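Following: one structure in structure tokens, then a few remarks.
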Amino acid sequence: MDAVSRWLTLRWRMVDLTAPLLALLARLLSGASTRWLDCQPDSCQRVYFANHTSHLDAIVLWSALPSAVRAVTRPVAAKDYWQRGHVRRYLARVFNAILIDRENIKVHQSPVDLMLREIGDRYSLIVFPEGSRNIETEIGEFKSGLYYLAKKRPDLELVPVHIDNLNRVLPRGEFLPVPLLSCISFGAPLWLETGEPKAHFLDRAREAVRRLKEI
Amino acid sequence: MDPRTLILVGGVLLILATATTVGQFLKRQRELGINPALVQQFNSRIRAWWLMCSVLAAAFLLGPASRVATIIVFGLVSFWALREFVTLTPTRLGDHRALFWVFFLFTPLQYWLISADKPALYTVLIPVYGFLFIPARVALAGDYKRFLERVAKIQAGLMVCVYCLSHAPALLFLDLNPDDASGFENARLLFFFVLIAQLNDVLQYAWGKLLGKRPIAPAINPSRTWEGFICGLFSSGLLGMALYWATPFRPMMAAGMAMVIAVMGFAGGITMSAIKRDRGVRDYGTLVTGHGGVLDRIDSICFAAPVFYHLTRLYL
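Quick note, the sequences are listed as chains A and B, same order.
Using this note's numbering, read the first sequence as starting at -9 and increasing by one per residue.
Using this note's numbering, read the second sequence as starting at 2 and increasing by one per residue.
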């Protein structure tokens, strides 16, 4: 029993050590500079929503946060992808990811409910509302999850994040990165207006991300 | 360390300290009416020089390992400059694998060949083997759109940021003086080269501000004028002559070398301006916010290094 618990603590320590190392590696590789525009890093409960162009998006966004904020921020990721193989499962644990089942969504187990249950009143989320990685230059339509998150928890700050150039560092379908320079911009938080229609809100959120590219 | 190296390094540190004091003074004296943007530019340039100078000095002071340390420093600078260059250059998905090898094979290999002192190989690695490899790898990826243009861009980045710059640390391997086992003679030559290239940038800029009337290529960079270029050229020559004791050259030769550095530095500056102008950015630093543009600081060194290297070899 003792050996098992020792082994478990060892594994937990490894997870604790891997996270900052991976964050550093991701930062070096992506040459990411971080801009906080009309928004300051804070450990209050937030939903960071960003455009999705590369596998590195979540880790680079996560590592762009100050470590105190990072400790309470959890990326949302696809279960089918991140449960395949030991490495991915390990990584998902390192980043304390919330894994969402994309294949069989049940009524009483909707992704939004799961996210809200997992974050409680402590954690923040990183979501990519486009659903999957986008190969077009334009940001794709946002899925409705963000709207329901905002509706069920109106107290969450929704922070738009634009990730620039990371799709060239590690494009879709590639596994070797090219260390170019990228840029992460955090914009002013937004909230769901009372009575705002879903489509309108999602357009507004998408526009908030897109606008950050031009500042 | 021998006295000549000490005087050279000490003199530069003294100048830098003075310049820093002046810069900080100007920053606090708003009422003098000097453009604050200009003061900020001056201060950021000085910061870059402190960094350059301390890195070079630290690399020199490492003793027996100093050559390797200097090469590693230049290799990292190349790597970063190449990052800026390729980030600025639009590439397509089909270039990804070729770019990977450019960053992780050709760049380290070039510097490894420099450190192994293999001039026959490092002078052809990128112009020949890189030239053959890049188009073939891009073709293998199967994307033929604007093929020659894309290949040329990658090759140009590799040539400027890696091949040309690597000739600066290659100066450390020249047989300047058979009696000098410490290598300080070579270290001083490299220091002289970087110093003249950097000061020439400033001299051309300052003369241009003072006397400049006729821009050389107004569409590319209106602040580069004939007056600035010619006055900068001659003042760099005088400066080179004044520093001849730090080099293996005689006074007139040192002046000539400094003027060659000045001409090549100008060529590098205006070439990089043309690329930036085409891409619609002001400098490589603003390309991705928060990064100081390394390429902006070293464009003159990149262009001058191979010419200075070859002329020094001819002179020996």
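All residues carry an ideal CB built from backbone N, CA and C; glycine is no exception.
Just so we're clear, the structure is a prediction, and the values are computed from it rather than from any experiment.
9 Å Cβ cut-off: residues of chain B touching residue i
i                     : result
residue 199 (chain A) : The premise fails here: residue 199 (chain A) is roughly 17 Å from chain B at the closest Cβ pair, so nothing lies under 9 Å.
residue 41 (chain A)  : By Cβ distance, chain B contributes nothing, its closest Cβ being about 16 Å from residue 41 (chain A), past 9 Å.
Contact list for residue i against chain A, beta-carbon separation under 7 Å
i                     : result
residue 94 (chain B)  : 161
residue 97 (chain B)  : 161, 164 and 168
residue 309 (chain B) : Result: empty, since nearest Cβ-Cβ is about 29 Å, beyond 7 Å.
residue 84 (chain B)  : 21, 169, 170 and 171
Cβ distance (whole Å) where residue i is taken to contact residue j below 8 Å
i                     : j                     : result
residue 299 (chain B) : residue 166 (chain B) : 7 Å
residue 238 (chain B) : residue 259 (chain B) : 5 Å
residue 142 (chain A) : residue 119 (chain A) : Contact doesn't hold; Cβ gap of about 15 Å is too wide.
residue 161 (chain B) : residue 303 (chain B) : 5 Å
residue 155 (chain A) : residue 170 (chain A) : 6 Å
residue 50 (chain B)  : residue 199 (chain B) : 7 Å
residue 261 (chain B) : residue 309 (chain B) : 7 Å
residue 177 (chain A) : residue 27 (chain A)  : 6 Å
residue 199 (chain A) : residue 22 (chain A)  : Between residue 22 (chain A) and residue 199 (chain A) the Cβ distance is about 17 Å, and since that is not below 8 Å, they are no contact.
Residue i versus residue j - alpha carbon distance
i                     : j                     : result
residue 306 (chain B) : residue 34 (chain A)  : 53 Å
residue 172 (chain A) : residue -8 (chain A)  : 46 Å
residue 217 (chain B) : residue 274 (chain B) : 12 Å
residue 53 (chain A)  : residue 9 (chain A)   : 9 Å
residue 153 (chain A) : residue 47 (chain A)  : 7 Å
residue 196 (chain A) : residue 139 (chain A) : 15 Å
residue 23 (chain B)  : residue 207 (chain B) : 16 Å
residue 184 (chain A) : residue 91 (chain B)  : 43 Å
residue 31 (chain A)  : residue 55 (chain A)  : 7 Å
residue 170 (chain B) : residue 89 (chain B)  : 26 Å
residue 14 (chain B)  : residue 43 (chain B)  : 17 Å
residue 129 (chain B) : residue 152 (chain B) : 14 Å
residue 146 (chain B) : residue 140 (chain B) : 10 Å
residue 132 (chain B) : residue 156 (chain B) : 7 Å
residue 25 (chain B)  : residue 137 (chain A) : 51 Å
residue 167 (chain A) : residue 190 (chain A) : 37 Å
residue 182 (chain A) : residue 175 (chain A) : 21 Å
residue 1 (chain B)   : residue 32 (chain B)  : Look at the range of chain B in this structure, 2 to 317, and you will see that residue 1 (chain B) is not part of it.
residue 176 (chain B) : residue 117 (chain B) : 15 Å
residue 243 (chain B) : residue 234 (chain B) : 14 Å
residue 232 (chain B) : residue 103 (chain B) : 39 Å
residue 79 (chain B)  : residue 296 (chain B) : 9 Å
residue 173 (chain B) : residue 45 (chain A)  : 43 Å
residue 222 (chain A) : residue 111 (chain B) : The shown model of chain A, from -9 to 205, leaves out residue 222 (chain A), and the question about it has no answer.
Chain-order list of residues whose beta-carbon lies under 7 Å from that of residue i (same chain, five-residue window excluded)
i                     : result
residue 119 (chain B) : none
residue 56 (chain B)  : 74
residue 9 (chain B)   : 189, 192 and 247
residue 128 (chain A) : none
residue 20 (chain B)  : 47
residue 82 (chain A)  : 67, 72 and 89
residue 328 (chain B) : Outside the displayed span of chain B (2 to 317) sits residue 328 (chain B), for which this structure offers no information.
residue 98 (chain B)  : 138 and 142
residue 93 (chain A)  : 70
residue 240 (chain B) : 197, 200 and 259
residue 227 (chain B) : 215 and 217
residue 65 (chain A)  : 48, 52, 85, 87 and 116
Contact list for residue i against chain A, beta-carbon separation under 8 Å
i                     : result
residue 87 (chain B)  : 168 and 170
residue 75 (chain B)  : Under the 8 Å cutoff, chain A gives no residues; its nearest Cβ is about 18 Å from residue 75 (chain B).
residue 159 (chain B) : Here the premise fails: no neighbours, minimum Cβ distance about 13 Å.
residue 314 (chain B) : Correct list: empty, because the minimum Cβ distance to chain A is about 33 Å.
Contacts that residue i makes with chain B (C-beta to C-beta distance below 8 Å)
i                     : result
residue 208 (chain A) : Outside the displayed range of chain A (-9 to 205) lies residue 208 (chain A), so it cannot be described from this structure.
Close-in-space but distant-in-sequence residues of the same chain around residue i (CB under 8 Å, 5 per side omitted)
i                     : result
residue 245 (chain B) : 251, 252, 254, 255 and 256
residue 67 (chain B)  : 60, 61, 184 and 188
residue 104 (chain A) : 88 and 90
Under 7 Å from the C-beta of residue i: neighbouring residues of chain B
i                     : result
residue 110 (chain A) : In chain order: nothing, as chain B lies at least about 34 Å away.
Own chain residues within Cβ distance below 6 Å of residue i, not counting five before or after
i                     : result
residue 36 (chain A)  : 114, 147 and 149
residue 164 (chain B) : 127
residue 49 (chain A)  : 16
residue 291 (chain B) : Here residue 291 (chain B) scores only 40 on pLDDT, less than 50, and its place in the model is too uncertain to base an answer on.
residue 14 (chain A)  : none
residue 194 (chain B) : 309
residue 76 (chain A)  : none
Contact with chain D by residue i, beta-carbon distance below 8 Å
i                     : result
residue 158 (chain A) : Here chain D cannot be found, since the structure's protein chains are A and B.
heavy atom of the ligand SAH below 7 Å from residue i C-beta
i                    : result
residue 79 (chain B) : In terms of ligand content, the structure shown is empty, and the ligand SAH therefore cannot be addressed.
Per-residue contacts from residue i into chain A (C-beta, under 9 Å)
i                     : result
residue 280 (chain B) : Here the premise fails: no neighbours, minimum Cβ distance about 14 Å.
residue 48 (chain B)  : Under the 9 Å cutoff, chain A gives no residues; its nearest Cβ is about 17 Å from residue 48 (chain B).
residue 147 (chain B) : By Cβ distance, chain A contributes nothing, its closest Cβ being about 16 Å from residue 147 (chain B), past 9 Å.
Taking a cut of 9 Å between CB atoms, which residues from the segment 162 to 192 of chain A lie near chain B? 162, 163, 164, 166, 167, 168, 169, 170, 171, 172, 173 and 175
Give me the subset of the segment 17 to 42 of chain A whose CB atoms are less than 9 Å from a CB atom of chain B, sorted by chain position. 21, 22, 23, 24 and 25
Along the segment 100 to 117 of chain B, what residues have a CB closer than 7 Å to any CB found in chain A? 100, 101 and 104
Where the segment 134 to 156 of chain A meets chain B: residues whose CB sits under 7 Å from a CB there: 155
The segment 127 to 148 of chain B: which residues have C-beta closer than 9 Å to a C-beta of chain A, in chain order? Of all residues in the segment 127 to 148 of chain B, none has a Cβ within less than 9 Å of some Cβ in chain A.
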